[in-house]
Ligand code: BEZ
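Next up, the structure:
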C-alpha cells in the first residue's frame, strides 16, 4: 500500500515486546516515530535500536513514542534487546513490533522486493496525534539513519504547527524561520508582531 503525506496512518493490532497493542489506541495524543529494520541481530540495526533507546528523554520531551519493527518474533526481539543494551550501553524500553508474518510491513510498504523479499528496508514514519503521516523516509539496509535529523524534523514539524511557519534548508532550533507565502503581509503583522526581513515578497524571514 502506498502511503502518502497527509494520509491517515493505517491502524493495526499486533504483538510487541511490550504486549499486544492497537496502534491508534497506543498512540493516544502522542506523535509516533515508527521505524522498520531488516532483521534482529544485525549490526546496523543494533546501533539504531541503541540510539533510539539512548534518546528516550529527547523523544519524550517532544511527546513522541518510538515504535520499532522487524520481521522477527517477540522471543527473538527480547533476546536481541539484551544484546542491544549490552553493546550500546543503554536500556531499551520502547516496544518493537513482532512482524514475522509481514502483515504490518506490507501495510506500510516496508518490504521492497528489489532489496529483499522478506526483510524490511529502513522506513521511517513520523505520525502526528491526529494519526496523519507527516514525514516518510526510506533508507537502504546498509546505511544507518541520522537521528539528529529525525529529532530536527520533528522539531520543525511541531514548530510549524504551533507558529504557522516553515523552516529553511538546514534549519536548526533557534534559527530563522520562513513566513509562508499563504500568509499575506497584513495577516503577518498580527501573527508576527516582531516583524520580518523581506528578502523577496515570497521570502520573508523571522524569529519565533
Ligand atoms: C545491518 O543491520 O547491519 C544489516 C541488515 C540487513 C542488511 C544489511 C545490513
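Numbering (my numbering), first residue to last: 16 to 223.
C-beta: ideal position from N, C-alpha, C; glycine also.
If you're wondering where the values come from, they're calculated on a predicted model, not measured in any experiment.
In the three-state scheme derived from DSSP, where H, G and I count as helix and E and B as strand, residue 81 is classed as strand.
Looking at 132, 198 and 194, the one whose alpha-carbon comes closest to that of residue 212 is 194. Straight through space, the alpha carbons of residue 94 and residue 33 are spaced by roughly 14 Å. Distances between the C-beta of residue 68 and the heavy atoms of ligand 1 are all 7 Å or more.
With a threshold of 7 Å, the Cβ atom of residue 99 does not count as near ligand 1, since no heavy atom of the ligand is closer than that. Within 7 Å of the C-beta of residue 156 there is at least one heavy atom belonging to ligand 1. Annotation for residue 42: no beta strand (DSSP E) segment contains it, though the alpha helix (DSSP H) segment containing it runs 38 to 42.
Note that the segment 100 to 108 does not touch the segment 123 to 131; fewer than 3 beta-carbon pairs, one per stretch, sit closer than 8 Å. For residue 95, the uninterrupted alpha helix (DSSP H) segment begins and ends at 89 to 103. Judged by beta-carbon spacing, residue 70 lies within the 8 Å limit of residue 162, meaning their Cβ atoms are closer than that value. Residue range 212 to 215 is occupied by the beta strand (DSSP E) that includes residue 212. For the pair residue 85 and residue 116, the CB atoms are not nearer than the 8 Å cut-off. The beta carbons of residue 158 and residue 29 sit no closer together than 8 Å. According to the DSSP secondary-structure assignment, residue 30 is paired through a beta bridge with 35. If you look at residue 218, you'll find it isn't in any alpha helix (DSSP H); it sits in the beta strand (DSSP E) that goes 218 to 221. DSSP, read as helix, strand or coil, puts residue 23 in strand.
The alpha helix (DSSP H) runs of length 4 or more contained entirely in the segment 106 to 140 are, from start to end of the chain, 118 to 122.
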